[in-house]
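Report on one structure; see the data block that follows.
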Amino acid sequence: MNARRFVPVFLLAAGLLLTAACSAHNDTDGASLSTSNAANGSFTEGKQYVRIAHAGQKAAGPVVIVEVFSYACPHCAEFAPFFARLRGKLPSNVQVRYMPAVFNESWEPYARAFYAAKELGVLKSTHDQVFKAMMEHYPLNSLDDLADFYASRGVDRQKFMDAAKSPHTDAAMAADTKIEQGWGIDATPMLVVGRLQNDSPDAPVVADYRSNEVDSYEQLAQLGGWLIQREAQQKD
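In terms of my numbering, the sequence shown has 494 at position 216, counting the first letter as 1, and numbering is strictly consecutive.
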């Protein structure tokens, strides 16, 4: 059985429906994976991954992997357990980051929820829970719905709403959107691998690679691990 292709489509400028910017499938039968590049321990540049031009930016910090996602993307929710397993296998010196995508207005509340959770210090404990709720068809269709959800997890509802609507969140969302455009992000979920600019935990990411076309969620996670190894082998 041949696995269907994960082929990103260019959607940054398109105001499409909620799931339109999600591009992934999860046909992970053994036959398809056993013949994949992942099984052979290598991937092809220009096919499964592409290089990201960064105009000679210096990067002396640790290796970092970024998942570009949206809570509104059902494929991101389906990929979440695969990425969780990858996280659990990473060396302690590899930093993991998340960056929400906003391909259209309907995705904006979910990005605001992410930034609010990050600001309030509850991102780690709630990130996978939001995906689980979306998979279980929990009613999370607006920022008010999301505020109720976080409140049910012990987050002060008013503080959540204040953080979600703050100028700080506006600025973070605009900055991340600009970065994603520079990386060529055109679908979710997508993995980006590079290094931090310096040793500061909050240093900017200097990206070298991003995922492109893969056959399944499992292969996407395998690609992420492979790119991390490739990045780590490069000299600073």
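All C-beta atoms, glycine included, are put in the ideal place defined by N, C-alpha and C.
With DSSP as the reference, label Q511 as helix, strand or coil.
-> helix
Can you give me the Cβ contacts of Y388 inside the same chain, cut-off strictly under 6 Å, excluding the 5 residues immediately before and after it?
-> S348, Y349 and A350
For T404, does the three-state DSSP call read helix, strand or coil?
-> helix
Reducing DSSP to helix, strand and coil, say where Q459 ends up.
-> helix
Do the CB positions of E345 and L505 come within less than 8 Å of each other?
-> no
Start-to-end residues for the alpha helix (DSSP H) that takes in R390 = E386 to E397
Note the first and the last residue of the continuous beta strand (DSSP E) segment covering D486.
-> V483 to S489
Straight-line Cα distance separating S420 from E243 | Past the boundaries of the shown model lies residue 243; the chain is included only from 279 to 514, so the question cannot be answered.
Go to G366, then tell me how far its beta strand (DSSP E) extends in each direction, as first and last residue.
-> No beta strand (DSSP E) holds G366; the alpha helix (DSSP H) holding it covers P352 to K367.
Going straight from the alpha carbon of W385 to that of Y416, what length do you get?
-> 16 Å
If you draw a straight line from the C-alpha of N371 to the C-alpha of G339, how long is it?
-> 10 Å
Check whether the Cβ atoms of V374 and R363 sit closer than 8 Å, and answer yes or no.
-> no
How many Å lie between I330 and F321 at the Cα?
-> 16 Å
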